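Student:
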Amino acid sequence: MDSTPTWEWLEGYPALDFANTVIRRGWTEHELVTTVADLESWLDAAALPAPRPDAVTDEDLQSFLLLRDPALRLLRSAAGHDEWRSADVGVVNDALLSCPEVAVLGEEPGVVESQMIGSPRPFAVLLARLAVEVREILAVPRTDLALCDAPGCGQLFFQRRTNQAWCGPPCGNRARVARHHGAGRQH
Ligand SMILES: [Zn+2]
Numbered sequence: 001m002d003s004t005p006t007w008e009w010l011e012g013y014p015a016l017d018f019a020n021t022v023i024r025r026g027w028t029e030h031e032l033v034t035t036v037a038d039l040e041s042w043l044d045a046a047a048l049p050a051p052r053p054d055a056v057t058d059e060d061l062q063s064f065l066l067l068r069d070p071a072l073r074l075l076r077s078a079a080g081h082d083e084w085r086s087a088d089v090g091v092v093n094d095a096l097l098s099c100p101e102v103a104v105l106g107e108e109p110g111v112v113e114s115q116m117i118g119s120p121r122p123f124a125v126l127l128a129r130l131a132v133e134v135r136e137i138l139a140v141p142r143t144d145l146a147l148c149d150a151p152g153c154g155q156l157f158f159q160r161r162t163n164q165a166w167c168g169p170p171c172g173n174r175a176r177v178a179r180h181h182g183a184g185r186q187h
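As numbered in UniProt numbering, the sequence shown has no gaps in its residue numbers, which increase by one up to the final residue, 187.
#1: Going along the chain, which unbroken runs of the alpha helix (DSSP H) with 4 or more residues stay wholly within the segment 49-99?
#2: Buried or exposed: L97, going by 16 or more other Cβ atoms within 10 Å of its Cβ?
#3: On the criterion of 16 or more Cβ atoms from any shown chain inside 10 Å, does C171 qualify as buried, or is it exposed?
#4: Rank R161, R142, T4, L43 by C-alpha distance to the C-alpha of G80 and give the top, closest one.
#5: Give the single residue among P169, L130, G152, C148 whose Cα lies nearest to the Cα of D69.
#6: Taking 7 Å as the line, does the beta carbon of A150 fall inside it for any heavy atom of ligand 1?
#7: Between the segment 82-97 and the segment 110-121, are three or more C-beta pairs nearer than 8 Å?
#8: Hey, would you say F64 sits closer than 8 Å to V89, going by beta carbons?
#9: By a C-beta neighbour count over all protein chains shown, 10 Å radius and 16 as the cutoff for buried, is R73 buried or exposed?
#10: Using the three-state DSSP reduction, which class does V132 fall into: helix, strand or coil?
#11: Quick check for students: name the residue ranges of the beta strand (DSSP E) that lie wholly in the segment 21-51, counting only runs of 3 or more.
#12: Does the separation of the CB atoms of L156 and N20 fall below 8 Å?
#13: Quick check: the Cα distance between L16 and L138, rounded to an integer number of angstroms?
#14: Whole angstroms is fine: what's the gap from M1's alpha carbon to E133's?
#15: For the beta strand (DSSP E) containing A103, name the first residue and the last one.
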């Protein structure tokens, strides 16, 4: 039985924390958000671009995954590891269009507040804002977005130096050990 993930690899970028809910064990990918409890634990650990919804439902879990998968593929595509699919763009755009926001004047000069149109549910707002975070990364060609192609990882990260191949030294070590033992990539 899998226990609730620790999320210790999350780095505090909402779009990447969203995408990095799939992780490799060896070379095999594993879904980490399979229950409402998993989603609750992710909400507690991740950088959220909207207030944390009080409670989540099975339906929220499904809508989380329905947006996460296309977002993950698009981000991986931008990192050179997946195809850019127009169907995925459509899903992210639908999330953006689902909760429009307008910047309105605040109570004093220099203050602008964001106001949602209508009264969307907090979880819908969260998904829409996550879509905004994904859009912001994909809107400009980012040369520092990379995928850590090591066994036991496969996480997206922002490079802190040019040509950084691994998200951290442990991944570099695991990849070197795997290569040394001739394991190579096995799908
Ligand atoms: Zn890594």
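Glycine included, each C-beta is placed from N, C-alpha and C at the ideal position. These numbers were taken from a predicted model, which means no experiment stands behind them.
Tutor: Straight from the coordinates:
#1: Those alpha helix (DSSP H) runs which fall completely within the segment 49-99 and span 4+ residues are 58-78, 86-98.
#2: Flag for L97 reads exposed.
#3: That one is buried.
#4: Comparing Cα-Cα distances from G80 to each of R161, R142, T4, L43, the minimum goes to R142.
#5: Closest by alpha carbon: L130.
#6: For ligand 1, at least one heavy atom lies less than 7 Å from the Cβ of A150.
#7: They do not touch, by the three-pair rule.
#8: Judged by their CB atoms, F64 and V89 are not nearer to each other than the 8 Å cut-off.
#9: Result: buried.
#10: In the structure shown, V132 sits in a helix (DSSP, three-state: H, G or I).
#11: Runs of the beta strand (DSSP E) spanning 3 or more residues and lying entirely within the segment 21-51 occur at 22-25, 28-31, in chain order.
#12: Cβ atoms of L156 and N20: closer than 8 Å.
#13: L138 has its alpha-carbon roughly 12 Å from the corresponding atom of L16.
#14: At M1, the pLDDT of 49 sits below 50, so the modelled position is not reliable; the number obtained from the coordinates is stated separately. Rounded to the nearest angstrom, the two C-alpha atoms are 33 Å apart.
#15: Boundaries of the beta strand (DSSP E) harbouring A103: 101-105, taken from the DSSP string.
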